[in-house]
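These notes concern the structure reproduced below.
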Amino acid sequence: MFHPFKIESYLTEHEHNVSHNYSESGVHPLELGEFCNLAGIDINDLLTTKLDYPNVRGDVSLREKIALLYPGSGVSNILITIGASEANYLVAKTMLSPGDEVVTLQPAYLQLPGNAINNGIKIKTVELVEEKNWALDLEQLKKAVNAKTKIISVINPNNPTGHILDETEMQAIIDSASAVGAWIVADEVYAGTERGDRQVTPSFWGKYDRVIAINSMSKAYGMPGLRIGWVVAPEEIQPELQLRHEYTTISATMLGNILTNTALDPSVRPKLTARARKLINFGFDTLMDILSEHKDTYSVVPPEASAMCIVRFDLPVSSLDFVDRLVQEKSTLVVPGNCFGLDHHFRCSSALPEAYLREGISKINDLVSEIKA
901 MFHPFKIESY LTEHEHNVSH NYSESGVHPL ELGEFCNLAG IDINDLLTTK
951 LDYPNVRGDV SLREKIALLY PGSGVSNILI TIGASEANYL VAKTMLSPGD
1001 EVVTLQPAYL QLPGNAINNG IKIKTVELVE EKNWALDLEQ LKKAVNAKTK
1051 IISVINPNNP TGHILDETEM QAIIDSASAV GAWIVADEVY AGTERGDRQV
1101 TPSFWGKYDR VIAINSMSKA YGMPGLRIGW VVAPEEIQPE LQLRHEYTTI
1151 SATMLGNILT NTALDPSVRP KLTARARKLI NFGFDTLMDI LSEHKDTYSV
1201 VPPEASAMCI VRFDLPVSSL DFVDRLVQEK STLVVPGNCF GLDHHFRCSS
1251 ALPEAYLREG ISKINDLVSE IKA
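Heads up, the sequence shown is in the working numbering, so the first residue is 901 and it goes up one at a time.
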């Protein structure tokens, strides 16, 4: 039986049918004109773009810019994909065989593990512990990894908690993988969404020889509609990824390659990350201000990174029932916590324009008041 992607199935059903959507996990998307102004592009120059197939592996200039973000890598280590979603799919199809196991951290956005399940692969989970500020359970990690472990799947910073693995946690994952020859597949799409003055989350790339790093333009850069992602992997893995890429999508889009090449230019990228940080910091503070109206109901472990946070609520309803009512009665969408194995929680976007954020979160507060009445 096919294992559905629970969170995406729920969002597909509702996200375009509500007036206020807080289910996304990236910073507020840029408009094309806004991006052109930020990057100093004359939009008329884009009109001469030939809408042909680009290089199957991705534009060479784009891959050169990405390689600069991963010391020790080069264009031969990089494959451009249709978002991080294709990247995760390709890695699962390439790296896993019958009898292998995948260890994944929980709660998490279970894209790679879901693909693994649909290939008959056994999944083992290791908890991020809410009571310990979503810290990794190191003892569980030691017990979960064994000779059958082919991949340790990590999202860092984490979705939905915003937890950033510290040096001890990263090293524990590396040591566990090294002990059995497992691969670390690090989905790093939220690097660059750190709150406050935190440094950008370091990549696993370069810290261990069996690392595959995945990223995209969707979360920290606010350009999900480009559908551009990438896989950074050792050269010996890339041909196998490419073979499967040629069956799935052949290539990403020409326009996506061109715009991403501009976005990652050293003169433009800092402007995008500065925009993201501003939205993230202001948005989280605004969200906390609105939620403070029900201090006795909500509790939040402040995320170290990400454009969202996971909110725990103390009400006599399940997370799914709460969000269903929110959709039906308030035309407002958040992600029910059961999509991450967390009842009595919901995930909420926060890196949004203030007025829009206040309008929708106030609707959530209205529903809470009605349930408590």
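Note that the Cβ used here is the ideal one computed from N, Cα and C, for glycine as well.
For residue j and residue i, believed in contact at Cβ under 8 Å, the rounded distance
i: Trp1034; j: Leu1028; result: 4 Å
i: Ile982; j: Arg1098; result: About 30 Å; that fails the 8 Å criterion.
i: Ala939; j: Val1168; result: 5 Å
i: Ile1190; j: Pro1060; result: Between Pro1060 and Ile1190 the Cβ distance is about 19 Å, and since that is not below 8 Å, they are no contact.
i: Ile1073; j: Val1054; result: 6 Å
i: Ala1207; j: Lys1119; result: 7 Å
Rounded straight-line distance, which links the Cα of residue j to that of residue i
i: Ser1192; j: Gly999; result: 49 Å
i: Asp1185; j: Glu1270; result: 25 Å
i: Asn1115; j: Pro929; result: 17 Å
i: Glu931; j: Gly1122; result: 9 Å
i: His920; j: Thr1093; result: 22 Å
i: Leu1141; j: Ala967; result: 17 Å
i: Asp1075; j: His1063; result: 20 Å
i: Thr1148; j: Glu1204; result: 35 Å
i: Asp1266; j: Leu969; result: 45 Å
i: Val975; j: Glu964; result: 6 Å
i: Ser1278; j: Gly926; result: An answer regarding residue 1278 cannot be provided, because it is not within the stretch 901 to 1273 covered by the chain.
i: Lys993; j: Leu1143; result: 11 Å
i: Lys906; j: Leu1233; result: 15 Å
i: Glu1001; j: Asn988; result: 16 Å
i: Pro1134; j: Asn977; result: 6 Å
i: Tyr1198; j: His916; result: 27 Å
i: Asp1087; j: Asn937; result: 30 Å
i: Val1235; j: Thr1025; result: 21 Å
Residue(s) in a DSSP beta bridge with residue i
i: Met1208; result: Ser1249
i: Tyr1198; result: Phe1213
i: Asp1087; result: Ile1055, Ile1114
i: Leu1036; result: Leu1028
Coarse secondary structure for residue i, derived from DSSP in three states
i: Glu1031; result: helix
i: His920; result: strand
i: Thr1025; result: strand
i: Gly983; result: helix
i: Val960; result: helix
i: Tyr1121; result: coil
i: Glu915; result: coil
i: Gly1129; result: strand
i: Gln1099; result: coil
i: Ala967; result: helix
i: Pro1236; result: strand
i: Thr1061; result: coil
i: Thr1004; result: strand
i: Ile978; result: strand
i: Lys1048; result: coil
i: Leu1135; result: According to the sequence shown, residue 1135 is Glu rather than Leu. In the structure shown, Glu1135 sits in coil (DSSP, three-state: anything other than H, G, I, E or B).
i: Glu1094; result: strand
i: Lys1272; result: helix
i: Glu931; result: coil
Cβ of residue i within 9 Å of any chain B Cβ
i: His914; result: Of the protein chains in the structure, only one exists, and it is not chain B.
>> Can you confirm whether the region 997-1012 touches the region 1141-1155 when touching is taken to mean that 3 or more C-beta pairs between the two stretches lie within less than 8 Å?
In response: no
> Three or more beta-carbon pairs under 8 Å between the region 1219-1230 and the region 1039-1057, yes or no?
Replying inline: no
> Contact between the region 1074-1083 and the region 1049-1064: three or more CB pairs below 8 Å?
Replying inline: yes
> Between the region 1164-1179 and the region 1230-1241, are three or more C-beta pairs nearer than 8 Å?
Replying inline: no
> Does the count of Cβ pairs from the region 954-968 and the region 1106-1114 closer than 8 Å reach three?
Replying inline: no
>> Contact between the region 910-917 and the region 1010-1023 is defined here as three or more beta-carbon pairs at a separation below 8 Å; is this criterion met?
In response: no
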